[in-house]
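Numbered according to my numbering, the sequence shown spans residues 312 to 538. Quick reminder that beta carbons are idealized off the backbone N, C-alpha and C, glycines included. These numbers come from a predicted model, not from an experiment.
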Amino acid sequence: MEVVPGIHTIEGLGAGRAYLIVEAGGLTLVDTGLRGSAKAVLATVAAVERGPDDIRRIVITHHHGDHTGALAELAERSGAEVLAHALDAPVIRGEQPPPGPRFGGPLRPLLARTAPTGAPARVDRELTGDEELDCLGGLRVLHTPGHTPGSISLYSAAQRLLFTGDAAMHLFGVRPPLRLFTEDRATARASLARLAALQIDVALFGHGRPIEHAAGRRFRGAAERLA
312 MEVVPGIHTI EGLGAGRAYL IVEAGGLTLV DTGLRGSAKA VLATVAAVER GPDDIRRIVI
372 THHHGDHTGA LAELAERSGA EVLAHALDAP VIRGEQPPPG PRFGGPLRPL LARTAPTGAP
432 ARVDRELTGD EELDCLGGLR VLHTPGHTPG SISLYSAAQR LLFTGDAAMH LFGVRPPLRL
492 FTEDRATARA SLARLAALQI DVALFGHGRP IEHAAGRRFR GAAERLA
């Protein structure tokens, strides 16, 4: 589904959303969904009359398996450059185990075993924040930690458009990421407040429906409730 011209949300991934940015110079994929999601991603690529080789880059917003599950397969099939924050890259590559849930009491071991994971995948370019990607008139990488140490969001000032990753969710309103799988709640709240200070019309979430108009007002309201 095309949310705004040139940006498609990829659904049917089992959990969450990925996004496809379509430009003349190639495609940019933001996140990849759970394991087994490559078919749905490539169906969206085919729907815009492109092929796997047209995927120029894959940007991963954080290491959780509902965002990296299909990365290894899609990276191999497309040959795309894979970008992720340096703090999450070791988990994505399989060099470090993913941390388990921070909360959950006696259910923590069960939750850790059942949390989705992705197969180890390459990361070609490690980000630190404030890089600018050459798409959408300049797509700035924002380091928005808390959910994971290396969580990022992507912001186009030219289009007043934000890919939140899981730095914010749109479930019964704009809110911080789920407490259970957030590594540092205070830092996550600070990251959401940083996003609320941006000029945003369109917000594209890893979890929850996109907001296509006046998104900044929703973010400011969320930040005020958390203050």
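Inset, instruction - Would you mind sorting Ala354 into buried or exposed? The rule is 16 or more other CB atoms within 10 Å of its CB. - result: exposed
Legend entry - Endpoints, the alpha helix (DSSP H) within which Phe530 is located: Ala526 to Leu537
Legend entry - Straight-line Cα distance separating Thr455 from Arg419: Below a pLDDT of 50, predicted positions are generally treated as unreliable, and Arg419, at 47, falls in that range; the measurement from the model is reported next regardless. Rounded to whole angstroms, Arg419 to Thr455 spans 25 angstroms at the Cα level.
Legend entry - Contact set for Glu313: own chain, Cβ-Cβ below 6 angstroms, skip 5 residues either direction: His319
Legend entry - DSSP three-state assignment for Arg361, whether helix, strand or coil: coil
Legend entry - Rounded C-alpha distance that separates Arg404 from Asp477: 20 angstroms
Legend entry - Cβ neighbours of Gly440 in the same chain (closer than 8 angstroms, five flanking residues each side left out): His396, Val452, Leu453, His454 and Ile463
Inset, instruction - Within 10 angstroms of the Cβ of Cys458, are there 16 or more other Cβ atoms? Answer buried if so, exposed if not. - result: The sequence shown places His at residue 458, rather than the Cys named in the question. When all chains shown are included, His458 counts as buried.
Inset, instruction - Out of Pro487, Ala533 and Ala497, state which residue places its alpha-carbon closest to the alpha-carbon of Gly517. - result: Pro487
Legend entry - Reduced DSSP category for Val434 - H, G, I as helix; E, B as strand; rest coil: coil
Inset, instruction - Mind reading off the beta-carbon distance from Leu340 to Ala326? Whole number of angstroms is fine, and I expect it under 8 angstroms. - result: With 8 angstroms as the limit, Leu340 and Ala326 do not qualify as a contact, their Cβ atoms being about 17 angstroms apart.
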